[in-house]
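Numbering (the numbering used here), first residue to last: 1429 to 1942. Everything below concerns the one structure shown next.
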């Protein structure tokens, strides 16, 4: 089975050089996903010089692992937004989503991007995995009424297409091939004093003048946009950064793509009301269509049956599309916040962040880029207060904040007291990773398919928790705050900013364990 995300299998994007010399620009943008690339593109359009720096390859982070639903529908029901934030703010959240979709559509048209943009209906519907109850029907009817009263046309339907379950029809949502779209913007950034760099990790930030250290070189700038999945520390300091990151919770989500017979399913977006929910998009192809189906979310690092989650997705997809031929399976990571809204704004003087997009990465990533440009230009943005990174936590959000961070001391203690999985590197199978006790030390060990072994510390450098091996993705995942590392220790996503340090061990079994 191909474990490359469908989008990256069909669009790799252009390549760019490393930072090799000092540079001076108006803005440094750190992170080349949807937020960073869109911000760099818009900043160039408004006359700024930009250096976009990416630790690995552009597009190959979480943006390349999205399922790319372009929708103003958030993970929280519209009536829940009204309850938690009031009518005006609930409508403002959905307005921001509509603005982002329109911005994307404008880019597609103005740059003539070939990326499969299409306006489609969206359907919120009853659960796919349990019987529909009277309470479900009442909730869906109320959701349709709330949306129609406060925002836009929405209709309750007795049976949504394909699933034959009650739901809510929401018109004028959209879908897109995300990497084709972002690659199109990316190709238009270099030139006129603007630059894109890959394999260029931002490692140090300095003030007066504002500088970013990359590959041993210095990029001086007037502003920094931190567009990484989980924001880097920047100039905030360890305490402020840790407090901010404690407001974020990282979840892993799983997706599969499958060929399906042409015109057997309506081209649309679907989300059910399960918790965690399942989501589906149908795309038209020349000879066949594609179904991209996802769900099975869990807090990163806190599930051992990652491969089984793909199996369950395939089984569920086959139950309503029997002719589906699964070709790709992959996972992505979403960042939840303490009150359900993203954090977008200035977190330190002249430093802008955007994170906490939950299941709306393409939408809030685009919005974050729009808001970053407004902040740098000195323009007042209508959503600045709503998504302010320094906003107070709502009553419901305060409860979620406590609940999410209960995991930290639990896993910190539990994993340090848990026995390791062996005492010798000989117990590793090709393609496998394990936490071993070797030379009286606990290490994270990985063996490649060809038999090469890498050993590194098992302690996450962020806050000291023990990482877990993710067999489905061949990554080390931290169960406390969601950092992920490649099998050989390099950072995949934060909040950790440094890799799992290499450890030299003796391959012979230890005489005793500690």
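For each residue, glycine too, the CB sits at the ideal point set by N, CA and C. Predicted model only: the values in this text are computed from it and were never measured.
Which residues does DSSP pair with residue 1735 in a beta bridge? Looking at the DSSP assignment, residue 1735 forms no beta bridge with any residue, so it has no partner.
Please classify residue 1435 as buried or exposed, where buried requires at least 16 neighbouring CB atoms within 10 angstroms. buried
Taking all protein chains shown into account, decide if residue 1656 is buried (16 or more other Cβ within 10 angstroms of its Cβ) or exposed. buried
Compute the Euclidean distance between the alpha carbons of residue 1734 and residue 1498, then round it to the nearest angstrom. 27 Å
Under 7 Å between C-beta atoms of residue 1543 and residue 1525: no
Please classify residue 1491 as buried or exposed, where buried requires at least 16 neighbouring CB atoms within 10 angstroms. buried
Taking residue 1685 as part of the alpha helix (DSSP H), name the residues at either end of that continuous run. Premise fails: residue 1685 lies in the beta strand (DSSP E), 1676 to 1688, not in any alpha helix (DSSP H).
Grab me the residues of residue 1468's own chain with a C-beta within less than 6 Å of its C-beta, minus the 5 sequence neighbours each way, in chain order. 1457, 1478, 1480, 1617
How would you write the range of the alpha helix (DSSP H) that residue 1549 sits in, first residue to last? Element bounds for residue 1549: not the alpha helix (DSSP H) but the beta strand (DSSP E), 1546 to 1553.
Less than 7 Å between CB atoms is the rule here; does residue 1676 satisfy it with respect to chain B? The structure shown has no chain B; it contains just one protein chain.
So which of 1727, 1761, 1782, 1581 has the shortest CA-CA distance to residue 1921? 1761
Just curious, the alpha helix (DSSP H) that residue 1578 is in, first and last residue? 1562 to 1578
Does DSSP classify residue 1443 as helix, strand or coil? coil
Helix, strand or coil for residue 1705 per DSSP? coil
Under the three-state DSSP convention, the category residue 1613 falls into: helix
Kindly list the residues whose CB is nearer than 8 Å to the CB of residue 1625, restricted to its own chain and excluding five residues on each side of it in sequence; keep chain order. 1444, 1445, 1446, 1447, 1479, 1480, 1481, 1482, 1642
Measure how close the beta-carbons of residue 1874 and residue 1924 come, nearest whole angstrom, since I'm counting them as under 8 Å. About 17 Å; that fails the 8 Å criterion.
So the candidates are 1528, 1582, 1590; which of them puts its Cα closest to the Cα of residue 1747? 1590
What would DSSP say about residue 1489, mapped onto helix, strand or coil? coil
Could you pull out every residue in the same chain whose Cβ sits closer than 8 Å to the Cβ of residue 1753, ignoring the five residues on either side in sequence? 1686, 1687, 1688
Grouping DSSP H, G and I as helix and E and B as strand, with all else coil, what is residue 1645? strand
Run through DSSP, which three-state label would residue 1729 get? coil
Compare the C-alpha of residue 1816 against each of 1493, 1774, 1567, 1798 and name the closest. 1774
Between the Cα of residue 1489 and the Cα atoms of 1855, 1790, 1860, which residue gives the shortest distance? 1790
Option in 1885, 1793, 1929, 1814 with minimal Cα separation from residue 1466: 1793
Over what stretch of residues does the alpha helix (DSSP H) that includes residue 1437 continue unbroken? 1434 to 1438
Per DSSP, residue 1759 is paired with what? 1682
In three-state DSSP terms, what is residue 1855? helix
Contact check, residue 1582 vs residue 1572 under 8 Å by CB: the rounded distance? 5 Å
Rounded separation between residue 1538 and residue 1802 - CA only: 20 Å
For residue 1574 versus residue 1506, is the C-beta distance shorter than 7 Å? yes
Can you name, in chain order, every residue of its own chain whose Cβ lies under 7 Å from the Cβ of residue 1463, other than the five neighbours on each side? 1655, 1782, 1793, 1796, 1797
Could you say if the region 1726 to 1741 and the region 1517 to 1531 meet the contact criterion of at least three C-beta pairs nearer than 8 Å? no
Report the CB separation of residue 1495 from residue 1707 in whole angstroms; it is logged as a contact under 8 Å. 6 Å
Can you give me the start and stop residues for the alpha helix (DSSP H) that residue 1999 sits inside? With the chain covering 1429 to 1942 only, the question about residue 1999 has no answer from this structure.
How would you call residue 1502, buried or exposed, if buried means at least 16 neighbouring beta carbons within 10 angstroms? buried
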